[in-house]
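Novice: If you read the sequence shown in my numbering, its first letter stands for residue 162, the second for the next number, and so on. Cβ coordinates follow ideal geometry from the N, Cα and C atoms, glycine included. Remember, predicted model here, so these are calculated numbers, not experimental data. I am attaching a structure below and will ask some questions about it afterwards.
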Amino acid sequence: MAGDGGPASSPKADPGLLGKLLDTLETGVFVQDGAGTITAVSPRAEELLGRGAAELIGRDAHDHLHRTENGAPLQRSACRLTQAFLSGQTLLSGTEWFARGDGGVIAVTCLMAPFADPREPGGAVLFFEAPDLTAEGAGSSSSDVADRLALVAESTTVLTSSLDTDKALRALVGLIVPRLADWAVVDLIGEEGEVRRVAVVRYWDGEYVNMEEFLGPLPAASETSRMPLSQALRGGAAVLVRAEDYAVPPDSPLTEIQQDFFRSTGMHSAVIAPLRAMGGTGGRIIGALTVGRADQKRPFGATDLALVDDIARRAGLAVDNAQLYEGQRRVAENMQRHLLPPMPKILGMEVCARYEPAPHASKVGGDWYDAFPLPDGSVAMVIGDVVGHDLAAAAYMSQVRNMLRAFAWGEETSPGAVVSRLDRALGHISDAPMATMVMGRLEGPEGGPWRLRWTNAGHPPPLVVRHDGRTDFLQGGEGMLLGTDLPSTRTDAVTALSPHSTVVLYTDGLVETRSSSLQDGLTRLSAHASWLARRPLGEFCDRLIELTRPVDNHDDIALIALRPVPGAGPESRAG
């Protein structure tokens, strides 16, 4: 006894507590085991659900009760209660819908409480009837099934219409706002685990507003934080969030930022869903989608949760595809740039080259340029385009370039003879498909006079820009493209070059477009080149591409320019 100096006796837990709770609470309660099967139910739960205990006990709680706002079965991956139960979390939900015995649904607010003893898995769900929706909320478009289906369909369309991640996400938030919410936020996880807020859009006074002040890097998701965004970025289920959920002491730097964000935006209700790289629950987490309501009065419910989770799954797949494609594009572009040679420094000559990948990263690989001095003192310059726009085309381009260099260096012969020899060899010692090409050879003593000798294998014509702005597209020397296996006699053409004239070779991406003719592109190129004739060669090349590139260009661009300038630069054979 305590009075005898022994230990005080400990109070014992009431073994009948569960029964008393079930019988006396005004809140509906049901208990489920580790498999999610209902094992006990309170009288109030029977009353709210319009079902007797015999109809509930032994049934799977999710399959038997959990519904969308419209009474449809709710996907397990979209069910907050099921996800909390499976992860052993305590959850106070927003509005959920349970199936009633009369075929209808009842709107409820729930507390999911797992058992603390791991030897006895399971938990209890306490629920009570949620307040009725307002007439305004009940008639909103977010509760209309047809509009929901249309929103899902449109989100799929915009997400799959572009491999540009930023463009696809901007289009997505433009769909969500204001049809589902008046705020939409996208956070993405980078390759090194860093988190960046890449899109924040608000619908205000009939207009979309990009809230750039909220964009930028975020702290990484804490491994211990229980707050919604952190859990979503760690792979947790989509959740309904109230402003009160963030009115607590912050448990991480990310939570602190989210608290400030909720206060600044005035959001009273939100859904936060993870973006997964793959469908299902096992995909790599690449970010989170948040949709919020500030001006729209009705809070989000379970149906909204399911809809946002569905859209987030589609967005995750689209972002992952875009990132994978971007990675492949970077590999192809880097390979292309490393395969293209540096420009040589040659006494009396200025040489400049540029390569620009396609604007939407859809076509990389086939365009190339080259310039190198020859044994007799002349200078070769080449532009070419191998059929194809992929890594294989980049590899073939390297084969063709190296073969051409070998043939050009091995014999002192004309461009037409070199290209003819290359054409004959392609089918025997290379897998390269068809290609177009212009090979030019600048001949003459160091101080001039100079002449350009060239041959053209199915390529857009060379352009000569005189120092006074006059321009000429060089005709002559035309022959068939390479790789046709057809007999072809290749000839050379020759023109004189005055000092400070610029010879421009380019690929078709600079002048061709689906919406206009090749002649329009050539006219545009000639006009801009004339205007830039006296600019330094590097500026000439940059501005020429900038001004001439078609607005709807979908191809990459290669360009090389050579300008004879007496006394320009020290001699170097780097090539």
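#1: By Cβ distance below 6 Å, which residues in the same chain neighbour residue 546 in space, the five residues on each side in sequence not counted?
#2: Let's test the definition: count the other Cβ atoms within 10 Å of the Cβ of residue 695 and tell me whether it reaches 16, buried, or not, exposed.
#3: List the endpoints of the continuous beta strand (DSSP E) containing residue 262.
#4: State the Cα-Cα distance for the pair residue 259 and residue 418, rounded to the nearest angstrom.
#5: If you drop the 5 nearest sequence neighbours on each side, which residues of the same chain put their C-beta closer than 7 Å to that of residue 245?
#6: Would you list the one or two residues that DSSP bridges to residue 193?
#7: Does the beta-carbon of residue 590 have 16 or more other beta-carbons within 10 angstroms, so that it is buried, or is it exposed?
#8: Within 10 angstroms of the Cβ of residue 457, are there 16 or more other Cβ atoms? Answer buried if so, exposed if not.
#9: If you reduce the DSSP assignment to three classes, tell me which class residue 715 lands in.
#10: Rounded to whole angstroms, what's the CA-CA distance from residue 411 to residue 420? Just pull it up for me.
#11: By DSSP, does residue 513 sit in helix, in strand, or in coil?
#12: Report buried or exposed for residue 435, applying the criterion of at least 16 other Cβ atoms within 10 angstroms of its Cβ.
#13: Kindly identify the DSSP beta-bridge partner or partners of residue 634.
#14: Around the Cβ of residue 203, are there at least 16 other Cβ atoms within 10 angstroms (buried) or fewer (exposed)?
#15: Just to confirm the assignment: which complete alpha helix (DSSP H) runs, minimum length 4, are found wholly within the segment 562–591?
#16: Would you please state the rounded distance, in angstroms, between the beta carbons of residue 348 and residue 363? I believe it to be under 8 Å.
#17: For residue 368, name the three-state secondary structure that DSSP assigns.
#18: Starting from the N-terminal side, write out each stretch of the beta strand (DSSP E) that is 3 residues or longer and does not extend beyond the segment 627–700.
#19: By DSSP, does residue 505 sit in helix, in strand, or in coil?
#20: Who does residue 544 pair with in a DSSP beta bridge?
#21: Starting from the Cα of residue 670, find the closest Cα among 639, 516, 723 and 534 and give me that residue.
#22: With DSSP as the reference, label residue 360 as helix, strand or coil.
#23: Helix, strand or coil: how does DSSP classify residue 720 here?
#24: Residue 403 and residue 195 - do their beta-carbons sit closer together than 8 Å?
#25: Could you give the DSSP three-state label for residue 275: helix, strand or coil?
#26: Within this structure, are the beta carbons of residue 665 and residue 509 separated by less than 8 Å?
#27: Rounded to whole angstroms, what is the Cα-Cα separation between residue 282 and residue 211?
#28: By the DSSP assignment, the alpha helix (DSSP H) with residue 421 in it spans what residues?
#29: Give me the DSSP bridge partner(s) of residue 289.
#30: Which class does residue 709 belong to by DSSP, given the choice of helix, strand or coil?
#31: In its own chain, which residues sit with a C-beta less than 8 Å from the C-beta of residue 216, not counting the 5 before and 5 after it?
#32: Taking 8 Å as the threshold, find out whether the segment 684–695 comes into contact with the segment 627–639 through three or more Cβ pairs.
#33: Alpha helix (DSSP H) containing residue 379: first to last residue?
#34: For residue 366, count the other beta carbons within 10 Å of its own beta carbon; 16 or more makes it buried, fewer makes it exposed. Which is it?
#35: Find out if the Cβ-Cβ distance for the pair residue 190, residue 268 is shorter than 8 Å.
#36: Considering just the uninterrupted stretch of the alpha helix (DSSP H) at residue 401, what are its terminal residues?
Specialist: Once the coordinates are examined:
#1: Answer for residue 546: 527, 528, 597 and 668, listed in chain order.
#2: By the neighbour-count rule (16 or more Cβ atoms within 10 Å), residue 695 is not buried but exposed.
#3: Per DSSP, residue 262 belongs to no beta strand (DSSP E) and is neither H nor E.
#4: One Cα belongs to residue 259, the other to residue 418, and the distance between them is close to 35 Å.
#5: Taken in chain order, the residues that qualify are 252 and 273.
#6: The partner list for residue 193 (beta bridge, DSSP) reads 199 and 284.
#7: The residue in question, residue 590, is exposed, as its Cβ has fewer than 16 Cβ neighbours within 10 Å.
#8: Per the 10 Å Cβ criterion, buried.
#9: Residue state, collapsed to three classes: coil.
#10: When rounded, the distance between both Cα atoms is 8 Å.
#11: It is a strand residue.
#12: If you draw a 10 Å sphere on the C-beta of residue 435, you find 16 or more other C-beta atoms in it, and that means buried.
#13: Its beta-bridge partners are 624.
#14: Residue 203 comes out buried.
#15: Every unbroken stretch of the alpha helix (DSSP H) spanning 4 or more residues and falling wholly within the segment 562–591 is given here in chain order: 576–590.
#16: At roughly 16 Å, the Cβ-Cβ gap does not stay under 8 Å, so residue 348 and residue 363 are not in contact.
#17: Per DSSP, reduced to three states, the secondary structure at residue 368 is strand.
#18: Listed in chain order, they are 632–634, 654–658 and 663–667.
#19: Here residue 505 sits in coil by DSSP.
#20: Bridge partners of residue 544 according to DSSP: 530 and 599.
#21: Here the closest residue by C-alpha is 516.
#22: In this structure, residue 360 counts as strand in the three-state DSSP scheme.
#23: The answer is strand: DSSP assigns residue 720 an E or B state.
#24: No. Outside cutoff.
#25: Look at residue 275 here: in three-state DSSP terms it is strand.
#26: No, they are not a contact pair.
#27: The alpha-carbon atoms of residue 282 and residue 211 are separated by roughly 28 Å.
#28: Counted as a single uninterrupted DSSP element, the alpha helix (DSSP H) harbouring residue 421 occupies residues 414–426.
#29: Note: residue 289 sits in a beta bridge opposite 270.
#30: In the structure shown, residue 709 sits in a helix (DSSP, three-state: H, G or I).
#31: 262.
#32: The segment 684–695 vs the segment 627–639: in contact.
#33: Note, residue 379: premise wrong, no alpha helix (DSSP H); beta strand (DSSP E) at 377–379.
#34: Residue 366 is exposed by the Cβ-count criterion.
#35: No, the Cβ-Cβ distance between residue 190 and residue 268 is not below 8 Å.
#36: In the DSSP assignment, residue 401 falls outside any alpha helix (DSSP H) and within the unbroken beta strand (DSSP E) covering 400–403.
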